[in-house]
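Peer 1: One structure, as structure tokens, below. Some questions next.
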Ligand SMILES: Nc1ncnc2c1ncn2[C@@H]1O[C@H](COP(=O)(O)OP(=O)(O)OP(=O)(O)O)[C@@H](O)[C@H]1O
Ligand SMILES: [Mg+2]
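Residue numbers (the working numbering), protein chains in the order written: chain Z, 1 to 317; chain H, 1001 to 1321.
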């Protein structure tokens, strides 16, 4: 069942020297109780896609067309007040850098309460209990005493747990996890991903997992979308994606996975992704593509269903 | 308890600093070819006896290191020597310090209560008309030379007769009741406060605007927005305190800076403050007074910073550690 449906989202940035598109016709949906992984190199537009969902974009971003359907309404058309009721209540965000995402001047308890006190029916005592309860859920040791400490007294992993606790406190249906583990070290990464996976199972939460780590995707995702230079280039269920990777960019990403490089030398993808202002005729991946064929790739490919529920945007597939 | 220990530690830390400042000031002054007693000798009302006493206190015939030792010893004892008019330096300072404190505190209070809100407005309405107008006004405020502005106001006061010129009190001050005294002082303070306020407002407003812009762009503000908090809560709870914290350090410097920055203004308005005292002392090469003033200046700087650190200790949990 589709809980959230992004349809043909187009987003541009207004800059001094013109207006430049950053997202082209991005379509993406989230099913109830599933993890949808959005994968792609740095700068391809993952965060902009995610932040469009809660309509928190940089001032110079313009959504030129598209809709984001949630509960039969278009989030992009919601008023500020409606948006505030969605943000942090229905749709929670887990930001990339937990180290800097908590306000250094307020205690953990204080910042957690901001979410819990949205429920006006609770008494002070119940709120406090609720705080402790969610901190227990995210396995923060000694939660009672954590309420009165400040963010700088916690490690990065612990902070990320606090942030996840906020998502739980809001009983959000959807969690947007924007590279939730990039800033953490490897052992902590695994713990945090396991925690998110448990939350998905226990509360039937839908998670949009943004990452550039295909390893994580293989382990936890139900569905995968690969993004390149502002477009979704491939979309499939996880098993189908890993067994039958179609797009040359996805293949290259798979090739760069340490597990798939047999000759001990990590394969990389040659070249850089194009920047926003760079004009490229036809397929935006063509300058870096090994299979590129000048005759056909001069035309922009669109996303087509090649096998059932497996979409890819490439002329050569 | 923790706070007491911190303050004590900080005070002890400042002692070496003050010693270094005193050594530098002392040597610069003594190595200049001015005879420290020249002014006193020229003053016919100073007796030979006083002159001899002062000569002995300074140890002028001894090597300069010994002279410094003698100076330091009498400074610690509270004996700062006499001015070229034969008055005690310490008495003179004690008479002026409260005047300067009143002026400085009023100016700081006013610049903060106007500059901080204007800075916040500028940041919230960044790049809008309001922000541009504020930026232009603050540029004008920064560009006017304080000395020139002070003189303009002086002319204005003389022409209109609306404001008293010079001093802190009127000649009949002693006959006034409490309320009268209060208004008399306030009346005398208007012009110097206006000049110093215009002078320091712009900088403060710009600093606050820049801090606020930084904070509004920070991850924790973005996250607070993602939590669905109201705009009021985001600005007044989350952003404001973070933007003000760095200003507190500035406050410490401002406190000391106004002391010297006020000198010209005090001079123009003949305001009986420390700044004017120092300025006049330097012009008359009144060595004892200059030396004492330099020390007071450093002590003010140190105190200002100490005060700022204590405030920061209260407002920023990261400093508490
Ligand atoms: N305010 C802005 N003005 C102009 N361009 C912007 C702005 N914010 C982002 N961009 C550009 O939009 C593109 C997409 O950015 P986005 O943050 O979505 O990338 P991302 O895929 O999340 O990358 P990362 O993995 O580094 O987080 C980037 O090329 C970025 O340079
Ligand atoms: Mg990103």
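For every residue, glycine included, the Cβ atom is placed at its ideal position computed from N, Cα and C.
Everything numeric in this text was worked out from a predicted model, so none of it was measured.
Between residue 1226 of chain H and chain Z, is any beta-carbon pair separated by less than 7 Å?
Peer 2: Yes, its Cβ sits closer than 7 Å to a Cβ of chain Z.
Peer 1: Using 7 Å as the threshold, is the C-beta distance between residue 163 of chain Z and residue 94 of chain Z below it?
Peer 2: Yes; because the gap between Cβ atoms is below 7 Å, this pair is in contact.
Peer 1: Say whether the stretch 82 to 92 of chain Z touches the stretch 167 to 179 of chain Z, bearing in mind that this needs 3 or more beta-carbon pairs closer than 8 Å, one atom from each stretch.
Peer 2: Flag = yes, the stretch 82 to 92 of chain Z and the stretch 167 to 179 of chain Z touch.
Peer 1: How would you label residue 1293 of chain H, buried or exposed, when you count the other beta carbons within 10 angstroms and need 16 or more for buried?
Peer 2: By the neighbour-count rule (16 or more Cβ atoms within 10 Å), residue 1293 of chain H is buried.
Peer 1: Could you tell me whether the Cβ of residue 1246 of chain H comes closer than 7 Å to any Cβ of chain Z?
Peer 2: It does not; no Cβ of chain Z falls within 7 Å.
Peer 1: Heavy atom of ligand 1 less than 6 Å from the Cβ of residue 44 of chain Z, yes or no?
Peer 2: Because some heavy atom of ligand 1 lies under 6 Å away, the Cβ of residue 44 of chain Z counts as near it: yes.
Peer 1: Taking only beta-carbon positions, decide if residue 100 of chain Z is within less than 7 Å of chain H.
Peer 2: True, the Cβ-Cβ gap to chain H drops below 7 Å.
Peer 1: What span of residues does the alpha helix (DSSP H) with residue 1072 of chain H cover, start to end?
Peer 2: Unbroken alpha helix (DSSP H) run through residue 1072 of chain H: 1064 to 1076.
Peer 1: Below 8 Å, how does it come out for the stretch 1019 to 1028 of chain H and the stretch 1294 to 1310 of chain H: are there three or more Cβ pairs, yes or no?
Peer 2: Touching, yes.
Peer 1: Is there at least one Cβ from chain Z nearer than 7 Å to residue 1035 of chain H's Cβ?
Peer 2: Not closer than 7 Å to any Cβ of chain Z, the Cβ of residue 1035 of chain H fails to qualify, so no.
Peer 1: Going along the chain, which residues of the stretch 1299 to 1319 of chain H sit with their C-beta nearer than 8 Å to a C-beta in chain Z?
Peer 2: Within the stretch 1299 to 1319 of chain H, the residues whose Cβ lies closer than 8 Å to some Cβ of chain Z are 1315, 1316, 1317, 1318, listed in chain order.
Peer 1: Run through chain Z and tell me which residues come within less than 8 Å of residue 1220 of chain H, C-beta to C-beta.
Peer 2: Result: 100, 101, 102, 103, 104.
Peer 1: Interface residues of chain Z around residue 1241 of chain H at Cβ under 8 Å?
Peer 2: Residues of chain Z passing the Cβ test: 105.
Peer 1: Excluding the 5 residues preceding and the 5 following residue 1312 of chain H in the sequence, name in chain order all residues of the same chain whose CB lies nearer than 6 Å to its CB.
Peer 2: Closer than 6 Å at the Cβ level, and outside the excluded window around residue 1312 of chain H, lie 1248, 1319.
Peer 1: According to DSSP, which residues form a beta bridge with residue 1088 of chain H?
Peer 2: According to DSSP, residue 1088 of chain H bridges with H/1082.
Peer 1: Using C-beta distances below 6 Å, list every residue in its chain close to residue 1195 of chain H, excluding the 5 sequence neighbours before and after it, in chain order.
Peer 2: 1146, 1149, 1150, 1265.
Peer 1: Under 6 Å: does the beta carbon of residue 1211 of chain H sit that close to some heavy atom of ligand 1?
Peer 2: Not so, every heavy atom of ligand 1 lies at least 6 Å from the Cβ.
Peer 1: Tell me whether the beta-carbon of residue 134 of chain Z lies closer than 7 Å to the beta-carbon of residue 169 of chain Z.
Peer 2: Against a cut-off of 7 Å, the Cβ pair of residue 169 of chain Z and residue 134 of chain Z comes out as a contact.
Peer 1: Comparing alpha-carbon positions, which option in Z/247, Z/196, Z/229 lies nearest residue 219 of chain Z?
Peer 2: When only C-alpha atoms are compared, the closest one is Z/196.
Peer 1: For a test of the three-state rule: what should DSSP assign to residue 1113 of chain H, helix, strand or coil?
Peer 2: In this structure, residue 1113 of chain H counts as helix in the three-state DSSP scheme.
Peer 1: Grab me the residues of residue 159 of chain Z's own chain with a C-beta within less than 7 Å of its C-beta, minus the 5 sequence neighbours each way, in chain order.
Peer 2: So the qualifying residues of the chain are 98, 99, 102, 151.
Peer 1: Taking the beta carbon of residue 318 of chain Z as the centre, do at least 16 other beta carbons fall within 10 Å, making it buried, or is it exposed?
Peer 2: The structure shown does not extend to residue 318 of chain Z, since chain Z spans only 1 to 317, so no value can be given for it.
Peer 1: What does the alpha-carbon distance come out to for the pair residue 178 of chain Z and residue 29 of chain Z?
Peer 2: C-alpha separation (whole angstroms): 16 Å.
Peer 1: Could you pull out every residue in the same chain whose Cβ sits closer than 8 Å to the Cβ of residue 275 of chain Z, ignoring the five residues on either side in sequence?
Peer 2: Same-chain partners within the cutoff: 43.
Peer 1: Would DSSP call residue 9 of chain Z helix, strand or coil?
Peer 2: Looking at residue 9 of chain Z - three-state DSSP - the assignment turns out to be strand.
Peer 1: Output the residue ranges of the beta strand (DSSP E) runs that lie fully inside the stretch 4 to 51 of chain Z and measure 3 residues or longer, sorted by chain position.
Peer 2: DSSP runs (the beta strand (DSSP E)) wholly in the stretch 4 to 51 of chain Z: 18 to 31, 35 to 39.
Peer 1: With 7 Å set as the bound, which would you pick, yes or no: does the beta-carbon of residue 1238 of chain H sit closer than that to a beta-carbon of chain Z?
Peer 2: By this cut-off, residue 1238 of chain H is an interface position.
Peer 1: Considering residue 221 of chain Z, what are the terminal residues of the beta strand (DSSP E) in which it resides?
Peer 2: It is not in any beta strand (DSSP E) - residue 221 of chain Z carries neither H nor E in the DSSP assignment.
Peer 1: Does the stretch 1196 to 1211 of chain H come close enough to the stretch 1160 to 1170 of chain H that 3 or more CB-CB pairs lie under 8 Å?
Peer 2: Verdict: no, contact absent.
Peer 1: For residue 1213 of chain H, go through chain Z and note every residue whose CB falls closer than 9 Å to its CB, in chain order.
Peer 2: By Cβ distance, chain Z contributes nothing, its closest Cβ being about 12 Å from residue 1213 of chain H, past 9 Å.
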